[in-house]
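Have a look at the structure below, then the notes.
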Amino acid sequence: MKKYWLSFIFLMTLAMQTVNADPMRIKPYQAGDWSGLVKTANGAPMAIHFWGVTCPACVKEMPQWGTFLKRNPSAKVIFIQVDDVTPEMMQKMLSKAGLEKANNYYVASPFDERLRYEIDPKWHGETPTTIFIDQNGKTSRKTGLIHFQQLPSLVGVGS
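158 is the number that numbering that gives the first Met the number 0 gives the last residue of the sequence shown; the numbers go up by one with no jumps.
In structure tokens:
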């Protein structure tokens, strides 16, 4: 009987590790994280793209981001998903877009005015929205679809 329980515990532990072995790590983003995220640019241009699983324009645009990053692997881009959806829904959309290995976050707390104000006091939370940070740390916001022909110059890479 003891062997049975030890085997059962071993198999359950193995099964739990398999379930928790998330091949696509999507990190939580919450209030107070903005300044730390911006600092990861280390003086290089960067884009932080806010998107949502339920946003039709985002569904259309995310594969273009995947293509862009495949062509420009040195580009610094962070993706933050803002909808209150399951991790599986996020992962499915990111995988379909070819962004499973990108720097991905999800909003872990309500996407309210306080959270948006920390990012950009004039932003009301529309998606898709991209915040560009230049080499001097100056930010600019683009709401709506990105013009991918202009993107390389904004994130400091050749196309």
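Every residue gets a Cβ at the ideal spot worked out from N, C-alpha and C, and that includes glycine. All of these numbers come straight from a predicted model, not from anything done at the bench.
Exposure of residue i, with buried meaning 16 or more beta-carbon neighbours within 10 Å
i: G65; result: buried
i: P127; result: buried
i: H48; result: buried
i: R115; result: buried
i: S139; result: exposed
i: N103; result: buried
i: G35; result: exposed
i: G51; result: buried
Euclidean distance between Cα positions of residue i and residue j
i: D32; j: M61; result: 23 Å
i: N41; j: I25; result: 22 Å
i: V81; j: D111; result: 10 Å
i: E99; j: H146; result: 22 Å
i: Q149; j: Y28; result: 28 Å
i: M45; j: N135; result: 11 Å
i: A74; j: L68; result: 7 Å
i: K59; j: V106; result: 21 Å
i: M92; j: K137; result: 30 Å
i: L144; j: P55; result: 11 Å
i: T39; j: Q63; result: 24 Å
i: I118; j: T129; result: 11 Å
i: I132; j: P72; result: 18 Å
i: V84; j: T53; result: 9 Å
Simplified DSSP state of residue i, which is helix, strand or coil
i: W50; result: strand
i: P109; result: coil
i: R115; result: helix
i: Q29; result: coil
i: F131; result: strand
i: Q149; result: coil
i: R70; result: helix
i: V154; result: coil
i: K75; result: coil
i: K141; result: strand
Integer-rounded CB distance, given that residue j should sit under 8 Å from residue i
i: A30; j: S94; result: Not quite, the Cβ-Cβ distance comes to about 28 Å (not below 8 Å), so this is no contact.
i: A170; j: V76; result: Residue numbering for the chain in the displayed model covers 0 to 158; residue 170 lies beyond these limits and cannot be assessed.
Near the ligand NAD: residue i beta-carbon under 6 Å from a heavy atom
i: F110; result: Ligands displayed in this structure: none; no statement on the ligand NAD is therefore possible.
is_contact[residue i, chain B] using C-beta, thresh 7 Å
i: A30; result: Included in the structure is just one protein chain, with no chain B present.
Checklist entry - Counting pairs of beta carbons, one from the region 86-96 and one from the region 121-139, are three or more of them closer than 8 Å? => result no
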